[in-house]
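Here's the structure, in structure tokens; my notes come after.
The following block contains the structure:
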């Protein structure tokens, strides 16, 4: 596509957006704006619906709970609605610009004297956004939890088009993409490793999370840097009305969250911690060698926000987490740290701005005991420091314009190994650092053309610049280093730049029916050197550069959305086709660890993915849940891998069926179940064998020509809420969970091994991780 | 050493997998065409060196490999003779020895593995690399993590030469080779300690849980250090990975093991040439030196 044409077209559209209505008319309009909040705790509600009763004119609150809508002066009945909350109507007389902050009540609470609308929000149909999942923390909490740890990542893996990359893993694949193609953000800071305990738990502590949104396609222009998906996780701001404590004690960890106002309605905070505790019992064990072992993880989330005045608000939030396994012969530690400082500023009722400073760091170390000559310590880290500015402009009721810019400075330190023993055999071994700048510039508009037709169009310009000091190797066509170029510190020696158009269209036939279509191009410049399916915390992130081109994905999606029974039932059917260029895979037997010539292990090609996702959701206070089915196919063709022939991508799992159901038996008793069924992972199996130096060696099939047996699992949970005592603030709740309730021995790994008695006999052996895993958690609030 | 460290990390990592279990299952596998398998070596020892020729078989064939007989096998210009009692085993004369720095060419003819009536030609090349100056050896009894693993470690003192080196360590007890399969070899490249003095590093081990490896007073323990090529080093890594178990955390996709044999239709196996140096010690007290980790 011609850049000039696109840019000109876009400018024209933007101009049209701003001044589409008659200038006189425009001058007469007044703006209604404000925030939508939770009545209990003052938390902002993200994506709440605001519309004029009986008309299709409306808007929704942004990620800071802010909304703005311009209307002609007059009298209106405004409806404010949000999933899981009682909708509220408000009669207003608009004569001049008006600020209206609206507080909504959670549905489970006793209704007070407010005007309510029985109708539930129809955002499934009306939102001009497809390939999108929004999860409420309340809903996540009801799902059966693995080992009692309620986990947003495990809940996301139950969505159509998303599946876990391996049993129990926090890694997930979205529409055939690999796990490093998912952008995961906590308060806008990239989280590079979302796993605790090799992936069995995620870094997100539910108690500190306010909102979770997943984009599988149709990715808004404000997001960039990853190909396949965006997971936008927002932390709570902290209760601005009263001091609250929540917590829980589970099999694995204990949690405690404190939140409350510092200055009422102006400043509030939240502090949330979680830590595993079974290592605290280690000193009680009789074995001396184990007493000083460590095995734990912890998370700490902290946030403080201050409303200076109506137009200015500040947020400072951070996450600190760490995993540690230490015994007498090895020591592994890893963790993320993120810091976000934000300033919300209203330039006018129509222009909302947010300025952000971001810091994110991921590091790990691996060490051996300190006394031996072969003792070593290996350290690695990566770090981001970013600046961002995002603007939302509400020129009139039918247009919402978003624009902004971001710049990041990335540092990658792949590894430094030092001998730690007194007479160490090791020389200092240092893999060179990489430095890069990454920029994004975007503009988009969501425009209502007629009552049923809305368009969304945007453009993102992304740029990636490699910066010295660095030495770039030159490879020949056999991937051997033939030469190298040294670049001095601060020198920008390579720049990639590209446009990412994003388009979306929605046509709503009526309140219950709509069609949506979208196209999005995404570019990715940073990837994970991960050759294994589930990966380990030691996998390295590495940047694009002269030897590694940016990955590019084009995704087309088409969907039909239908609600039934006054929006109690939401149905959707989406099909997508995705083409990815410069797909990275790794040569056979790639050496990924401590390899200064890592780029020589990479092979490039392309991949295709297509699929169909069906979703039926039932929303009722007593019974709710969903049934989803996905059919998908993902193929790669990369370099000489598989003799240059196409092969199934590692995350190609054609059939995926998920059933989730919650049943509120009584006021105090809730039952929950989920069942998942997925085709087995593609694998390479032996088709022949030979002997070499006493071992039987397999001759393998084509890459991924076989599949592991299909995967299925049922999880159950029962939640018992303690009796409410009116004079007591304390609320308690027991949760009993069964993971893999019928004990399905799902294959985690399939191995072909020599029989111990008869060395000429070979057998297939499957490894499974879990049978039934029961757990119990006690949660409290006061 | 690298392998031992890695094994321990793996043990630590899998220790947290609650109740991982294995069981035998039946799997249907396809067949593939027959390939020539070459397993041959030349060392600096003066002995009958060998080249073994066999055929690939179905994975679940559950019997010894079929030998390939009647082939013409040459190393440089020396013709190997097929053993009278063991078909498919071709040997040099007993006074043959390899020389450090020399390159050896293997050629194989008069083999018709694809049974099309025409014989194929196969060949391979390997060079004998030098080896570090080894000074001394110590036997240290070690226990890991309160006795999960108990073993005698052989700790080596040696000077690593300035060039890139690849080591292979084997262990003998009273003239019996204990490390008789390729997955028991310990290999090490000197990337992280090139040119340094190696002051007592565990390079092989004898496990207490294995009957034939238990060390008793009077035993003579011999460490065999081989100077191998980078290609053979990689072959061992690939082979031990592919012949061993895999799991989603640490294993990449399965792939065929490299070979340095060319010609014909996709031959497999390896022809290696390497240098050998040995160092022995006589054990008085197996528990004289003890380390607990």
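Residue numbers (my numbering), protein chains in the order written: chain A, 5 to 786; chain B, 5 to 297. In this text, a Cβ means the ideal position worked out from N, Cα and C, and glycines have one as well.
Between residue i and residue j, which are expected to be in contact by the criterion C-beta below 8 Å, what is the C-beta distance as a whole number of angstroms?
i, j, result
"residue 1 of chain A", "residue 273 of chain A", "Residue 1 of chain A lies beyond the range of chain A shown here (5 to 786); nothing can be said about it."
"residue 77 of chain B", "residue 112 of chain B", "5 Å"
"residue 733 of chain A", "residue 689 of chain A", "Their Cβ separation, rounded to whole angstroms, is 60 Å, which puts residue 733 of chain A and residue 689 of chain A out of contact at 8 Å."
"residue 272 of chain B", "residue 757 of chain A", "So it is not a contact: roughly 19 Å between Cβ atoms."
"residue 110 of chain A", "residue 42 of chain A", "7 Å"
"residue 226 of chain B", "residue 176 of chain B", "4 Å"
"residue 259 of chain A", "residue 211 of chain A", "6 Å"
"residue 67 of chain A", "residue 156 of chain A", "Incorrect: roughly 17 Å between the Cβ atoms, too far for contact."
"residue 263 of chain B", "residue 187 of chain B", "So it is not a contact: roughly 18 Å between Cβ atoms."
Say whether chain B places a C-beta atom closer than 9 Å to the C-beta of residue i.
i, result
"residue 179 of chain A", "no"
"residue 767 of chain A", "yes"
"residue 770 of chain A", "yes"
"residue 745 of chain A", "no"
"residue 433 of chain A", "yes"
"residue 134 of chain A", "no"
"residue 253 of chain A", "no"
"residue 540 of chain A", "yes"
"residue 680 of chain A", "no"
"residue 113 of chain A", "Caution is warranted here: a pLDDT of 47 is assigned to residue 113 of chain A, below 50, making its placement in the model unreliable, and the coordinate value is therefore given only provisionally. No, its Cβ sits nowhere closer than 9 Å to a Cβ of chain B."
"residue 705 of chain A", "yes"
"residue 69 of chain A", "no"
"residue 485 of chain A", "no"
"residue 265 of chain A", "no"
What residues from chain B crowd round residue i, counting only those whose CB sits closer than 9 Å?
i, result
"residue 535 of chain A", "255, 256, 257"
"residue 383 of chain A", "The premise fails here: residue 383 of chain A is roughly 14 Å from chain B at the closest Cβ pair, so nothing lies under 9 Å."
"residue 519 of chain A", "The premise fails here: residue 519 of chain A is roughly 40 Å from chain B at the closest Cβ pair, so nothing lies under 9 Å."
"residue 693 of chain A", "60, 61, 62, 63, 64, 65, 69"
Nearest chain A C-beta to residue i closer than 9 Å, yes or no?
i, result
"residue 12 of chain B", "Residue confidence is low: residue 12 of chain B scores 47 on pLDDT, short of 50, so the model does not pin down where it sits. Its coordinate-derived value is still stated next. Taking Cβ atoms only, chain A reaches closer than 9 Å to residue 12 of chain B, which makes this a yes."
"residue 35 of chain B", "yes"
"residue 277 of chain B", "no"
"residue 22 of chain B", "Caution applies to residue 22 of chain B, whose pLDDT of 48 falls short of 50 and renders its modelled position unreliable; the model cannot decide the point."
"residue 140 of chain B", "no"
"residue 282 of chain B", "no"
"residue 26 of chain B", "yes"
"residue 51 of chain B", "no"
"residue 190 of chain B", "no"
"residue 180 of chain B", "no"
Note the first and the last residue of the continuous beta strand (DSSP E) segment covering residue i.
i, result
"residue 721 of chain A", "715-725"
"residue 758 of chain A", "753-758"
"residue 288 of chain A", "Here residue 288 of chain A belongs to no beta strand (DSSP E), and DSSP marks it neither H nor E."
"residue 581 of chain A", "573-590"
"residue 305 of chain A", "298-313"
"residue 247 of chain B", "Counting along the chain, residue 247 of chain B falls outside any beta strand (DSSP E), though it belongs to the alpha helix (DSSP H) covering 234-247."
"residue 96 of chain A", "92-98"
"residue 384 of chain A", "380-400"
What in chain B is Cβ-close to residue i, meaning under 8 Å?
i, result
"residue 688 of chain A", "257, 258, 259"
"residue 719 of chain A", "Correct list: empty, because the minimum Cβ distance to chain B is about 16 Å."
"residue 701 of chain A", "243, 246, 247, 261, 272"
On the DSSP letters alone, give me the boundaries of the alpha helix (DSSP H) that residue i sits inside.
i, result
"residue 129 of chain A", "127-130"
"residue 415 of chain A", "From DSSP, residue 415 of chain A is part of no alpha helix (DSSP H) but of the beta strand (DSSP E) over 403-423."
"residue 149 of chain A", "Run containing residue 149 of chain A: none; DSSP gives neither H nor E here."
Can you list the residues of chain A that residue i reaches, using a CB-CB cut of under 7 Å?
i, result
"residue 64 of chain B", "766"
Name the chain A residues whose beta carbon is nearer than 8 Å to that of residue i?
i, result
"residue 155 of chain B", "Under the 8 Å cutoff, chain A gives no residues; its nearest Cβ is about 12 Å from residue 155 of chain B."
"residue 186 of chain B", "696, 697, 698, 699"
3 or more residues per run - each beta strand (DSSP E) lying fully within the region 614-702 of chain A: 627-642, 659-668, 673-682, 690-696
Contained beta strand (DSSP E) runs [length at least 3] in the region 189-233 of chain A, N- to C-terminal order: 213-219
Within the region 141-199 of chain B, ranges of the beta strand (DSSP E) (whole runs, at least 3 residues): 153-163, 170-177, 190-193
Short-range partners of chain D found in the region 598-621 of chain A, where Cβ spacing is below 9 Å: Given the protein chain composition of this structure (A and B), no chain D is represented.
Completely contained beta strand (DSSP E) runs for the region 55-131 of chain B, where each covers 3 or more residues: 76-79, 93-95, 107-115, 124-131
Beta strand (DSSP E) runs contained entirely in the region 495-540 of chain A, provided each spans 3 or more residues: 496-514, 517-528, 530-533
Inside the region 43-97 of chain A only - beta strand (DSSP E) runs reaching at least 3 residues: 53-56, 62-64, 70-75, 78-85
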